[in-house]
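Residue numbers (the working numbering): 72 to 338. Built from N, CA and C at the ideal position, the CB exists for glycine as well.
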Amino acid sequence: MVSFKTAGGVVVSGVRMDRAASGETVKVVVRCRPLFGKELSEGRVAIVTTDSLSGEIKIDTPSDDGADRAKRFTFDSVYDARNSQREIYEQTALPIVRAAIEGYNGTVFCYGQTGTGKTHTMEGSLDPVSERGIIPNAFDTVFADIDATDSSNKTFLVRASFLEIYNENVRDLLAKDQTQICQLKETSDRGVYVNGLTTFVVKSSAEMRKILEVGKKNRSVGATAMNADSSRSHSIFTVTVETSETNPGEPASEARIKVGKLNLVDL
């Protein structure tokens, strides 16, 4: 079972998510994967069922006397193996991505036990397109929405960074020196930030995917009892969208600047 938190947003695919402008909103969404591999070969039986209408997950507890000892938990939304990668993205993350383009800060936060499918949900596979996860789909949305915007009075600047938190150390996954540990700093104007974090200006979703792949190769991985190639670290891929807008006839010096930051977190 894998769950991820979402914040902010608009109405998408019938799911209501309050706009960031009306206050902070945190929603908890749970995705349950099917049995596979070692679980099937060992004859394991699925005991988790989902009800998407009520947002309920039921965990059965087998008993000899036939009594119903199931435990039930309710969340904002629940998904299972019948839901596609695209459905998960459109109904949970898409509103947050679009809010970031509008100048709000948003985070998609994915967590769960090793082997539950966190990285599959967040990254997936680039091919086929239907298997792409939240992160590559978010890249496509950012640049598709920018391309669809009337650019006569707006200009956009998109930047990307990628860091790893491993054994309580922060490492820049895009830095040339992968042995260097980054330091957290705090100032009154910037708040908490990672000092010296590499940031790239990006002009297309293809460029953004290349940056993601470079960073992934630098992540700390290792075998666990449930996953032979588990990501042993937390990663944060941040997309910053800066918009400069002027009214017709106004000089560039009068431009209004707004900045939205999208944090895509894989724990």
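Original post:
Taking DSSP as the reference, what is the three-state secondary structure of A323?
Top reply: Numbered from 1 along the sequence shown, position 252 holds the residue referred to as residue 323. Helix.
**OP:** Would you kindly work out how many angstroms separate the C-alpha atoms of F210 and M279, rounded to a whole number?
**Re:** Locating residue 210 in the sequence shown gives position 139, where the first residue counts as 1. Locating residue 279 in the sequence shown gives position 208, where the first residue counts as 1. Distance between the alpha carbons of F210 and M279 is about 7 Å.
**OP:** Specify the secondary structure class of V200 as computed by DSSP and reduced to three states.
**Re:** Counted from its first residue, the sequence shown places residue 200 at position 129. Of the three classes helix, strand and coil, the one that applies to V200 here is helix, per DSSP.
Original post:
By the 10 Å Cβ neighbour count, where 16 or more other Cβ atoms means buried, how is F107 classified, buried or exposed?
Top reply: One-based indexing of the sequence shown puts residue 107 at position 36. It counts as exposed.
**OP:** Can you tell me the Cβ-Cβ gap for M193 and L335, rounded? I've got them flagged as a contact below 8 Å.
**Re:** For the purposes of this step, residue 193 is identified with residue 122 of the sequence shown, where counting begins at 1. For the purposes of this step, residue 335 is identified with residue 264 of the sequence shown, where counting begins at 1. About 7 Å separates the two Cβ atoms, so the contact holds.
**OP:** Within its chain, find whatever has a CB closer than 6 Å to the CB of K129; leave out the 5 residues flanking it on each side and keep chain order.
**Re:** Residue 129 sits at position 58 when you count from the first residue of the sequence shown. These residues qualify, in order along the chain: T120, A141 and R143.
Original post:
Is the stretch 303-311 touching the stretch 226-234 in the sense that three or more CB pairs, one from each, lie closer than 8 Å?
Top reply: yes
Original post:
Is it true that the stretch 195-211 meets the stretch 240-251, where meeting means three or more beta-carbon pairs spaced less than 8 Å apart?
Top reply: no
Subject >> Residue range of the unbroken beta strand (DSSP E) whose run includes V265 >> reply: Taking the sequence shown and counting its residues from 1, one reaches residue 265 at position 194. Where V265 is concerned, the enclosing beta strand (DSSP E) stretches over G262 to V265.
**OP:** Give the DSSP-derived three-state secondary structure of N334 in the structure shown.
**Re:** Counted from its first residue, the sequence shown places residue 334 at position 263. Looking at N334 - three-state DSSP - the assignment turns out to be strand.
**OP:** Counting only runs of 4+ residues fully inside the stretch 175-252, write out the alpha helix (DSSP H) ranges in chain order.
**Re:** 189-193 and 205-218
Subject >> Buried or exposed (CB count within 10 angstroms, at least 16 for buried), P166 >> reply: If you number the sequence shown from 1, residue 166 lands on position 95. Buried.
Original post:
Shortest alpha-carbon distance to V101 belongs to which of S315, N154, P319 and T132?
Top reply: Start at 1 with the first residue of the sequence shown, and residue 101 comes out as number 30. Closest by alpha carbon: N154.
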